[in-house]
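K.L.:
Would you mind keeping the following structure in view while I ask a few things?
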């Protein structure tokens, strides 16, 4: 065989051999293809899964640490550090991991995730069991969520059972485990889970259901609480104690199964009755937020305005200024139906009340309104902005005038018609004007014209600055603001703060409800505002003293007076415009707002009354427009009943002055000014009036007063010296005090009068001119007896009168009238033949008695002879009873000339005066 053939044959065989081999390898190529196909499909599936996973997680929320932070309610404490309420989105008592007892942690782990400390957020074993259950019983039949996943779900996701949510949950759980420790995650779970009763967190559940802290829970109690998150409302021990007990026993069995407790512990805990173990109804926590809602409103606003904290989520402990007793009383008095206490005209009249501590500015109570049904609705104490009326006058008018112009409380202003600088007219509330008056009186009577004049004299800018420093938020000012005509009104809270500064010697402390705040980590932050000086203490005291007059008649605030309490305050009402009255058909006597703001050294209260809409007026009927005063009186009396309330103390910068009333400009009263014409007022030291009134100056007294008796005429002549040239209007008041007392006014420097023998006379003289007078000077004189006058009888045994000196013709004396000598008294009984008249005379010198007709009744005592006509001196009946006992001849007496128009003619009688 040729080499060529051989080679061909070999090549053929070789090709055949290759063909056989190829046919033998064909099955292996199929497997390979199938495998490769599966790999491809796997890769595609994987890619699809990854894509689906990526698609699901692309919308997953970010793992925001802020969302992991639990919204913890804040505790609000009263001024005695007692809890009054909690505020926040949820009721949650937060607990740190280190404070979670081991028994509760074991109960949670056994129930929710016993492999918690072994996985990384997703537990494949638990997940596998859940998947199997879902295939067997349908998707969502059982969850495979770990504690980490539950935290993620509660913080970031909804509760729906979907594949997308489960994918997102797994993804976020893995991320969470990378960023936080197991203990931090467990702490999140314990504080986030819902436990019914609108509450979150296992520590909250312990407080609600057992009244305990976590550390004090028993095994049975810890197991019951740990089992609640699966279905909180179903396992609520208050409402479903039987279900709660069954669920608790399952938790106990799981704890035993996973080795956390012994069988004996399990069995003993299972014997405890849940129904008997939880708090009885009377000891359960009651939500009484409504009682303090008005005050809590102020707390919420203050925390928001003064800090960066969120009161609803940050778990703050807030130490407030609330006086619970005062707050309860304010609530009660606002909603009373007893008209004998507060005669509210109807249920719709509203009121806003703020009660402050005068010294500190701390809010003690807030009345946000009457008959409010909506929790935390409109608060009339802090939210309202109504015109202040005349309550603004101390703040904007008289306070600045004293501060900047050094006015005294006696400063005079003419209550007269004026206009604003713009030319616009306004008037007093009664459309009357009372003329010049002090600013004290103007404030007491709430006169508008003087208030506007005070503002005009101070200047708008200074007045505005003064008010702003007192917390009144003025952005602009017009002269109409002097009487409360604000474009944007004020709140009772702002008015109370301003008035408290007057009561606190010029120190203003912004009204506040929060003293300090404690953070969750124990950090304490002092939030109370600091006091600041906003006026001189002289201004504060003098405004206060004027405001005290408002509560004294005829002041406008007498109904706010509390007996025994030194109170300063001011009323205020606002008006409707003519257009409003016409449009809304409102009577001119009605008002939209009525205020009273006042204070003691302890408390300050500002009260506004009115209706929700200005279109509803406060009528003038009854006490409708005085409700604010009555509320003030009631509240101030209540809070002051058990404490000492000292009066306001005058500072050294003020001096007390005696001002003579009605002087314009004011002058000091002199020492001679009558007390009825003196007003006690106050001045800034160094700025009191210098001039002393001379209106009532004391005159010099008469000197060298001498009284001499002229035996011949029987007259006493009184003379004195006086420098009349200094005052030509000088007159003298002379009083002669004797048996025949008399009084006269003399222009000259002497006086003559008839004297009775044997009498003693005291003469009193003082000089006067108008209302001025001098001291009184005195002198006296004894008149000697006439010769022959002996033994003045009693008249009981009268003689016949035949020897009656110069009494010839006096008959028997049976009709012996005392009219002898009474001038032209021709009707003196039987006196027509009474001697010659030389002694008895016709009253020579008694000329002033002309017309005294017979001294009615001077009929003479029978037998009283010798009465020679000493008549005419008032009450002195001519030596009545001087008879000639036994016929003895009596002496002759000389009548004393009486002063002009003084004698009335006196009826004779035995021993009469």
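Residue numbers (our numbering): 6 to 918. Note that the Cβ used here is the ideal one computed from N, Cα and C, for glycine as well.
#1: Would you decide whether residue 234 is buried or exposed? Buried here means 16 or more other CB atoms lie within 10 Å of its CB.
#2: Which class does residue 589 belong to by DSSP, given the choice of helix, strand or coil?
#3: In three-state terms, what does DSSP make of residue 306?
#4: Helix, strand or coil, according to DSSP, for residue 573 in the structure here?
#5: Give the DSSP-derived three-state secondary structure of residue 5 in the structure shown.
#6: Would you check if the distance between the CB atom of residue 768 and the CB atom of residue 712 is smaller than 7 Å?
#7: Would you kindly report the start and end of the unbroken beta strand (DSSP E) that includes residue 442?
#8: My assumption, with CB atoms under 8 Å, is that residue 692 sits in contact with residue 411. Please give the rounded CB distance.
#9: Taking residue 377 and residue 617 to be in contact with their CB atoms under 8 Å, please state how far apart those CB atoms are, rounded to whole angstroms.
#10: Classify residue 775 as buried or exposed, calling it buried when 16 or more other Cβ atoms lie within 10 Å of its own Cβ.
#11: How big is the Cα-Cα spacing for residue 635 and residue 348?
#12: Classify residue 70: buried if its beta carbon has 16 or more other beta carbons within 10 angstroms, exposed otherwise.
#13: For the 8 Å Cβ check, are there 3 or more pairs between the region 317-324 and the region 398-407?
#14: Could you check whether residue 448 and residue 547 sit closer than 7 Å to each other, using their CB atoms as the reference points?
#15: Say whether the region 97-114 touches the region 305-316, bearing in mind that this needs 3 or more beta-carbon pairs closer than 8 Å, one atom from each stretch.
#16: In this structure, how does DSSP classify residue 466 when only helix, strand and coil are distinguished?
#17: Given residue 599, which residues of its chain have a CB within under 6 Å of its CB, disregarding the five upstream and five downstream residues?
#18: Using 8 Å as the Cβ pair cut-off and three pairs as the minimum, do the region 713-730 and the region 749-766 touch?
#19: What does the alpha-carbon distance come out to for the pair residue 587 and residue 594?
#20: Could you give the distance in angstroms between the alpha-carbon of residue 214 and the alpha-carbon of residue 277?
#21: Ignoring anything shorter than 4 residues or poking outside the region 624-710, list the alpha helix (DSSP H) runs there in chain order.
#22: Given this structure, state the Cα-to-Cα distance separating residue 375 from residue 675, to the nearest angstrom.
#23: Where does residue 215 sit, in a helix, a strand or coil, going by DSSP?
#24: From the DSSP secondary-structure annotation, give me the bridge partner or partners of residue 375.
#25: Near residue 690, what residues of its chain come up, given a Cβ to Cβ distance below 8 Å and the 5 sequence neighbours on each side ignored?
#26: Could you tell me the boundaries of the beta strand (DSSP E) in which residue 360 lies?
#27: Using the DSSP secondary-structure output, state which residues sit across from residue 159 in a beta bridge.
#28: Let me check understanding here. Comparing Cα to Cα, which of 525, 532, 523 and 612 lies closest to residue 514?
#29: Identify, in the order they occur along the chain, each residue of the same chain with its Cβ nearer than 7 Å to the Cβ of residue 245, setting aside the five sequence neighbours on each side.
#30: Where does residue 415 fall in DSSP's three states?
#31: Mapping the DSSP letters down to three states, classify residue 919 as helix, strand or coil.
#32: How many Å lie between residue 807 and residue 759 at the Cα?
#33: Within the same chain, show all residues whose beta-carbon is closer than 8 Å to that of residue 736, passing over the 5 residues directly before and after it, in chain order.
#34: Using a 10 Å radius around the Cβ and a threshold of 16 neighbouring Cβ atoms, would you call residue 648 buried or exposed?
#35: Identify which residue in 576, 446 and 701 has its Cα closest to the Cα of residue 489.
#36: So what does DSSP say about residue 5, is it helix, strand or coil?
P.N.:
Judging by the given coordinates:
#1: buried
#2: helix
#3: helix
#4: strand
#5: As shown, the chain starts at 6 and ends at 918. That puts residue 5 outside it, with no answer to give.
#6: yes
#7: 440-443
#8: 4 Å
#9: 11 Å between Cβ atoms; not a contact.
#10: exposed
#11: 9 Å
#12: exposed
#13: no
#14: no
#15: no
#16: helix
#17: 578, 614, 623, 630 and 633
#18: yes
#19: 13 Å
#20: 15 Å
#21: 632-645
#22: 55 Å
#23: helix
#24: Per DSSP, none; premise fails for residue 375.
#25: 543, 657, 658, 659 and 660
#26: 355-362
#27: For residue 159, which the question treats as bridged, DSSP gives no partner whatsoever.
#28: 532
#29: 239
#30: coil
#31: Here the chain has residues from 6 to 918 only, and residue 919 is not among them.
#32: Per-residue confidence for residue 807 stands at a pLDDT of 39, beneath the threshold of 50, marking its modelled position as unreliable; no derived number is given.
#33: 750, 751, 752, 772, 773 and 774
#34: exposed
#35: 576
#36: In the structure displayed, the chain extends from 6 to 918; residue 5 sits before or after that span and is not available.
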